[in-house]
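Asks: Sharing a structure below in structure tokens format, with a few things to ask.
2 protein chains.
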Amino acid sequence: MSAAPKHDIFQAIADPTRRKILRLLADKKLPVTAISKHFPMSRTAVSKHLRILLESKLVSVEKSGREKLYKLQPEALLELKHWLSFFEQFWDNKISMLKHFVENEEAGNLNLIIPKSNEESKDS
Amino acid sequence: MSAAPKHDIFQAIADPTRRKILRLLADKKLPVTAISKHFPMSRTAVSKHLRILLESKLVSVEKSGREKLYKLQPEALLELKHWLSFFEQFWDNKISMLKHFVENEEAGNLNLIIPKSNEESKDS
DNA sequence: TTGACACGAAACCAAAAGGTTTCATATACT
DNA sequence: AGTATATGAAACCTTTTGGTTTCGTGTCAA
Numbered sequence: 001m002s003a004a005p006k007h008d009i010f011q012a013i014a015d016p017t018r019r020k021i022l023r024l025l026a027d028k029k030l031p032v033t034a035i036s037k038h039f040p041m042s043r044t045a046v047s048k049h050l051r052i053l054l055e056s057k058l059v060s061v062e063k064s065g066r067e068k069l070y071k072l073q074p075e076a077l078l079e080l081k082h083w084l085s086f087f088e089q090f091w092d093n094k095i096s097m098l099k100h101f102v103e104n105e106e107a108g109n110l111n112l113i114i115p116k117s118n119e120e121s122k123d124s
Numbered sequence: 001m002s003a004a005p006k007h008d009i010f011q012a013i014a015d016p017t018r019r020k021i022l023r024l025l026a027d028k029k030l031p032v033t034a035i036s037k038h039f040p041m042s043r044t045a046v047s048k049h050l051r052i053l054l055e056s057k058l059v060s061v062e063k064s065g066r067e068k069l070y071k072l073q074p075e076a077l078l079e080l081k082h083w084l085s086f087f088e089q090f091w092d093n094k095i096s097m098l099k100h101f102v103e104n105e106e107a108g109n110l111n112l113i114i115p116k117s118n119e120e121s122k123d124s
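If you're matching them up, the sequences are chains A and B in order.
First residue of the first sequence? That's 1 in the UniProt record's numbering, and the numbers climb one at a time after it.
First residue of the second sequence? That's 1 in the UniProt record's numbering, and the numbers climb one at a time after it.
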């Protein structure tokens, strides 16, 4: 036994409930009971979703007294990001190309200058 | 009728077969039979996967004689990208923050200077 | 030490997902 | 005209998924 993940990240985020859980955990660590307040289903059901998120490393858990605090582990989304980056190459917009470059250089030799925007940015 | 999607993009990419199909279509338009050559399952099964990809707008189809050519529609992945960008905010690396900025400014007031890299980038 | 709370495991169930085979239809080839 | 190719629809089957309820265990508070 060991790291055979059983649930990959793509499966993990396929379910809307699980995506919403991830959003909730972005704010702060939460125990199961608190999380399940946000859903029209039993605590046990939410618990099962959390197990899947755990298996795919999207959350971690930490015991605190009689509670178990679940915490977002956003780094796990890197795999998804990487997968996406392959396709960005095909959608023909300069910004995406820039980002693709940044992705692959991974914090290499890149200078960035962000001007202090004293002008309101008009969208479009 | 109409755009009630039934299959969202998250579900669509949850299946490994469908992800592989997307990769194949990145190279070029292909008919079902050609695609199914790459998989240990029936053409009909692949056809069903394609229907799901169609429903989520990840591919489009174009009739050509007796064939139907399936084509990648990478823009559909924007939704995924957008979803991801929310979480990048939480993963603490400067590059990701940069990309988050780029994302939200949408080609706004940003100066980028990419030096001609005469030095090999050592991955740390 | 007794009771209340927080939690996951187990057994169960209905519906959805992912396959199969068979069949009908449209197009192309000769 | 007649045969071969390309495809999707239909009916069917099995496994997985997402939910339920019930129960046992650990922890905290009196």
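Glycine included, C-beta positions come from ideal geometry on N, C-alpha and C.
Bear in mind that the values here come from a model prediction, so they are computed numbers and not experimental data.
Cα separation between Lys81(A) and Arg66(B)?
Replies: The alpha-carbon atoms of Lys81(A) and Arg66(B) are separated by roughly 38 Å.
Asks: When the Cα atoms are used, what is the spatial distance from Leu11(B) to Asp15(A)?
Replies: It should be pointed out that residue 11(B) corresponds to Gln in this sequence rather than to Leu. Their Cα atoms are separated by approximately 7 Å.
Asks: Going by C-alpha distance, which of Pro40(A), Leu78(A), Trp83(A) is nearest Phe90(B)?
Replies: Nearest of Pro40(A), Leu78(A), Trp83(A) to Phe90(B), Cα basis: Leu78(A).
Asks: How far does the alpha helix (DSSP H) with Leu84(B) in it reach, from first residue to last?
Replies: 78 to 88 is the extent of the alpha helix (DSSP H) around Leu84(B).
Asks: Consider the Cβ of Phe39(A): report whether some Cβ of chain B lies at a distance smaller than 8 Å.
Replies: No, because no Cβ of chain B sits closer than 8 Å to the Cβ of Phe39(A).
Asks: Who does Val61(A) pair with in a DSSP beta bridge?
Replies: Answer by DSSP bridge pairing, in chain order: Tyr70(A).
Asks: For Arg51(A), does the count of other Cβ atoms within 10 angstroms reach 16, so buried, or fall short, so exposed?
Replies: Arg51(A) should be labelled exposed.
Asks: Alpha carbon to alpha carbon, how far is Lys29(A) from Leu53(A)?
Replies: Their Cα atoms are separated by approximately 14 Å.
Asks: Which residue or residues does DSSP assign as beta-bridge partners of Pro31(A)?
Replies: For Pro31(A), which the question treats as bridged, DSSP gives the partners Leu69(A).
Asks: Residues in the same chain with beta-carbon distance under 7 Å from Asn118(B), minus the five sequence neighbours each way, listed in chain order, please.
Replies: Low per-residue confidence applies at Asn118(B): pLDDT is 36, beneath 50, and the placement is therefore not dependable, though the value from the model is reported in the following sentence. Nothing meets the Cβ criterion.
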